DNA sequence: AGTAGTTGTACAATCTTTGTCGCGTTGAAC
DNA sequence: GTTCAACGCGACAAAGATTGTACAACTACT
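Chains as they are written, first to last, in my numbering: chain A, 709 to 1027; chain B, 709 to 1027.
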């Protein structure tokens, strides 16, 4: 596909003069240039007159480098690690986790996924929104969006859910964390333009289902892969949906449920779609209950059921 | 989609003299002309005598440019960026919005509000996310955040709710619109950093309450006014909340309920707060049911009950 | 201790960017 | 017609950047 990066303007466009970068990072201009010259880190754009122009991403990377250096890592190795990481990131799959055995040394290398997850957990459980934001910003600067979503955000949500069940986290902490991450995903979703053309997907949570972070993540991924996405949010009344589906003629309908109570709505949806005239939209389902109860799959003969956004994209192929 | 050109063309008509623009933007005339000369930004119309005449759109663009410059972007880059978007997308303002960190005050007034509301309604009911985005973007460029939230977003939500009751809008349309606006508000909320200091507020919806757009809007407003806000989202279990409140020691607890069913949770909350040792947080409540049923107020003797974020801010005074 | 590599910073000379000013003219308004 | 405001245009000056070289303080290894 080569180019999902329909990224709206921001993060990658070189616009900041070196002065701004100095203010934002606290690294002096001389050092900045030395790093560039000596280690080839960053290749800022140039203005007509030859001024360096940095992007937001550059700034994020520099911030990260600085924290490394402050933690005692040699700048040269920090850059090497960064490169490694970056190269791994190009191949979207396995990457992040496999980097670095990561013992318990203080400040070794770019944080791998478990370290980022840990940092994010700590920040969220302490209600430190600013810190959580910083951790995530760093993650987004270093890893592709899908990796962050699936290897960091999802695990954090799962972990917090588990801690709550174990009694190690309060429901208030869980609410705060969920609200924060949902907001973050919303912002991300928002940052991608709705394409004018392309296959159309309708997404949402099953009737009675109030968890919507998972399906939001799926919606984000779909959009990043060129789909037009109509995201309906939580607790979507399926019967009414079919009415709209007739006129909107989507190529895909994608819903999730997390508890057994809400599977009924999906069954209803499945039947209603089967009853539609050709061309029928494809149906994709997900959510915890669908993943943990294999036997449910048999009840949805015509639907794709997957555990992650990646699986869904793989199933859909190149639209 | 071709030219949406909402806002009834009013915004495109060149009527403002340079003096007005200076007042509105704080950019000096000399600079204004220099920008035009050097970077070719804007081509204001001319009066018979050759005076520059700017449109509201021009002013919006200038405001955006100014915020960019203040954010450290070189003016030359800012203009380039603007041009890029102008050329690439049909709706240049869309991207303006996404990087707009803050709206500034002067020149509000509901002048165009009805037109904007109408345009937004049309876009949302037709599931045209891109267009809705463009309309909102223009609104944000022209008016301060609070005004857009209270004079545009809120009325649109109310109107869509009413149309649904009347049967003029489907529940699916309602879901789509709500999901979109909630996302938009989330992004906005997100755009403001959590301040490190300042009074602390805990916000959320009553237990059992799934409407959270209103309280999200209040949270946004609080944060814009310097509060640290811990936003907990929908359906917050109040009893647990009190535990956390003891350690977090908030200055304000702010919750909302829309239906009578959920008032019970607020009563519980109110009593629990009364039972806290000094210093107790202030309690503020809102939501449709609180507004429509005056008699409820008597049951919350110690709480502030208001119908809008503005009222709340006025009540709180300058923190 | 000695040597070699690493890093941050300094200096100088030159060039860009960008806000502002001056000046002679022309339009708008009482 | 007098007065104030806006216009174009050129010119400036201050702030800021660029490159290349140099240097002192470290670190690491022998």
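Heads up, the beta-carbon is just placed ideally off N, CA and C, and yes, glycines get one too.
This structure is a prediction, so every number in the text was calculated from the model and none was measured.
ask   = With 16 other CB atoms within 10 Å as the buried threshold, where does residue 723 of chain B fall?
value = Locating residue 723 of chain B in the second chain gives position 15, counting from the first residue. It is exposed - the Cβ of residue 723 of chain B has fewer than 16 other Cβ atoms within 10 Å.
request  = Would you tell me roughly how many angstroms separate the C-alpha atoms of residue 897 of chain A and residue 831 of chain B, rounded to the nearest one?
outcome  = Here the question's residue 897 of chain A lines up with position 189 in the first chain. Here the question's residue 831 of chain B lines up with position 123 in the second chain. When rounded, the distance between both Cα atoms is 19 Å.
ask   = Of all the CB atoms in chain B, is at least one closer than 8 Å to the CB of residue 945 of chain A?
value = Translated into the one-based positions of the first chain, residue 945 of chain A becomes position 237. Closer than 8 Å to some Cβ of chain B, the Cβ of residue 945 of chain A qualifies, so yes.
task = Flag residue 978 of chain B as yes if its beta-carbon sits less than 8 Å from any beta-carbon of chain A, otherwise no.
result = Start at 1 with the first residue of the second chain, and residue 978 of chain B comes out as number 270. Not closer than 8 Å to any Cβ of chain A, the Cβ of residue 978 of chain B fails to qualify, so no.
inquiry  = Could you tell me the alpha carbon to alpha carbon distance between residue 824 of chain B and residue 900 of chain B, rounded to whole angstroms?
reply    = Mapped onto the second chain, residue 824 of chain B falls at position 116. Mapped onto the second chain, residue 900 of chain B falls at position 192. In a straight line, the C-alpha of residue 824 of chain B is about 24 Å away from that of residue 900 of chain B.
query = Under three-state DSSP, which class holds residue 944 of chain A?
reply = Indexing the first chain from 1 puts residue 944 of chain A at position 236. Three-state DSSP puts residue 944 of chain A in coil, outside helix and strand.
Status (buried if at least 16 other CB within 10 Å, exposed otherwise) for residue 884 of chain B = The residue given as residue 884 of chain B occupies position 176 in the second chain. Buried, because 16 or more other Cβ atoms sit within 10 Å of the Cβ of residue 884 of chain B.
inquiry  = Check whether the region 726–742 of chain B and the region 1002–1019 of chain A are in contact - that is, three or more C-beta pairs closer than 8 Å.
reply    = no
key: Chain-order list of residues whose beta-carbon lies under 7 Å from that of residue 737 of chain B (same chain, five-residue window excluded)   = Within the second chain, the letter at position 29 stands for residue 737 of chain B. So the qualifying residues of the chain are 726, 730.
ask   = So with Cβ pairs under 8 Å, would you call residue 887 of chain A a contact of chain B?
value = Start at 1 with the first residue of the first chain, and residue 887 of chain A comes out as number 179. Yes, because at least one Cβ of chain B sits closer than 8 Å to the Cβ of residue 887 of chain A.
message = Taking the beta carbon of residue 934 of chain B as the centre, do at least 16 other beta carbons fall within 10 Å, making it buried, or is it exposed?
response = In the second chain, residue 934 of chain B corresponds to position 226, counting from 1. Exposed: under 16 other Cβ atoms inside 10 Å.
task = With 8 Å as the threshold, decide whether the Cβ of residue 1090 of chain B is near any Cβ in chain A.
result = Residue 1090 of chain B falls outside the range modelled here, since chain B spans only 709 to 1027, and no answer is possible.
For residue 769 of chain B: DSSP bridge partner residues = If you number the second chain from 1, residue 769 of chain B lands on position 61. In DSSP, residue 769 of chain B forms no bridge with anything.
inquiry  = Quick check on residue 801 of chain A: buried or exposed, where buried means 16 or more other Cβ atoms within 10 Å of its Cβ?
reply    = Counted from its first residue, the first chain places residue 801 of chain A at position 93. Note that residue 801 of chain A scores a pLDDT of 35, beneath 50, so its modelled location is shaky; the value from the coordinates is reported in the next line. Residue 801 of chain A is exposed by the Cβ-count criterion.
query = Mind pulling the chain B residues with CB within less than 8 Å of residue 880 of chain A?
reply = As a working mapping, residue 880 of chain A is identified with position 172 in the first chain. Those are 940, 944, 945, 948, 949, 951, 952, listed as they occur along chain B.
inquiry  = Give me the residue from A:920, A:747, A:765, A:771 with the minimum Cα distance to residue 734 of chain A.
reply    = The residue you call residue 734 of chain A lines up with position 26 of the first chain. Per the Cα distances, A:771.
request  = Report the three-state DSSP secondary structure of residue 736 of chain A (helix, strand or coil).
outcome  = Position 28 of the first chain, counted from the start, is the residue given in the question as residue 736 of chain A. Coil at residue 736 of chain A, not helix or strand.
query = For the beta strand (DSSP E) that contains residue 990 of chain B, what are its first and last residues?
reply = As a first step, residue 990 of chain B must be located in the second chain, where it is residue number 282. Per DSSP, residue 990 of chain B belongs to the beta strand (DSSP E) from 990–994.
task = Drop a sphere of 10 angstroms on the beta-carbon of residue 745 of chain B, count the other beta-carbons inside from all chains shown, and report buried for 16 or more, exposed for fewer.
result = Taking the first residue of the second chain as 1, we reach residue 745 of chain B at position 37. By the neighbour-count rule (16 or more Cβ atoms within 10 Å), residue 745 of chain B is not buried but exposed.
task = Using a Cβ cut-off of 8 Å, pull out every chain B residue sitting near residue 956 of chain A, in sequence order please.
result = Position 248 of the first chain, counting from 1, holds the residue named residue 956 of chain A. Simply 835.
request  = Pull up the DSSP beta-bridge partners for residue 909 of chain A, would you.
outcome  = In the first chain, counting from the first residue as 1, residue 909 of chain A sits at position 201. A:937, A:960, per the DSSP bridge assignment.
message = Would residue 913 of chain B and residue 941 of chain B qualify as a contact pair, given that the criterion is a beta-carbon distance under 8 Å?
response = Reading the second chain from its first residue, position 205 is the one you call residue 913 of chain B. Reading the second chain from its first residue, position 233 is the one you call residue 941 of chain B. Yes, they are a contact pair.
inquiry  = Distance check for residue 925 of chain B and residue 834 of chain A, CA to CA, integer angstroms please.
reply    = Locating residue 834 of chain A in the first chain gives position 126, where the first residue counts as 1. Locating residue 925 of chain B in the second chain gives position 217, where the first residue counts as 1. Going by the C-alpha atoms only, they are around 24 Å apart.
inquiry  = Just to confirm before moving on: does the CB-CB distance between residue 1054 of chain A and residue 877 of chain A stay below 8 Å?
reply    = Absent from the structure is residue 1054 of chain A, since the part of chain A shown begins at 709 and ends at 1027.
ask   = Going straight from the alpha carbon of residue 1041 of chain B to that of residue 975 of chain A, what length do you get?
value = The structure shown does not extend to residue 1041 of chain B, since chain B is modelled only from 709 to 1027, so the question has no answer here.
request  = Tell whether a beta-carbon distance below 8 Å holds between residue 892 of chain A and residue 844 of chain A.
outcome  = Along the first chain, read from residue 1 onward, the residue named residue 892 of chain A stands at position 184. Along the first chain, read from residue 1 onward, the residue named residue 844 of chain A stands at position 136. Contact flag set, yes.
Residue 720 of chain B classed as buried or exposed, judged by whether at least 16 other C-beta atoms fall within 10 angstroms = Against the second chain, residue 720 of chain B aligns to sequence position 12. Classification for residue 720 of chain B: exposed.
query = Can you find a C-beta in chain A that's less than 8 Å from the C-beta of residue 904 of chain B?
reply = For the purposes of this step, residue 904 of chain B is identified with residue 196 of the second chain, where counting begins at 1. At least one chain A Cβ lies under 8 Å of residue 904 of chain B.
task = State buried or exposed for residue 939 of chain B, treating a residue as buried only when at least 16 other CB atoms are found within 10 Å of its CB.
result = For the purposes of this step, residue 939 of chain B is taken as residue 231 along the second chain, with counting starting at 1. Residue 939 of chain B is buried by the Cβ-count criterion.
task = Taking 8 Å as the threshold, find out whether the region 996–1004 of chain B comes into contact with the region 945–953 of chain B through three or more Cβ pairs.
result = no
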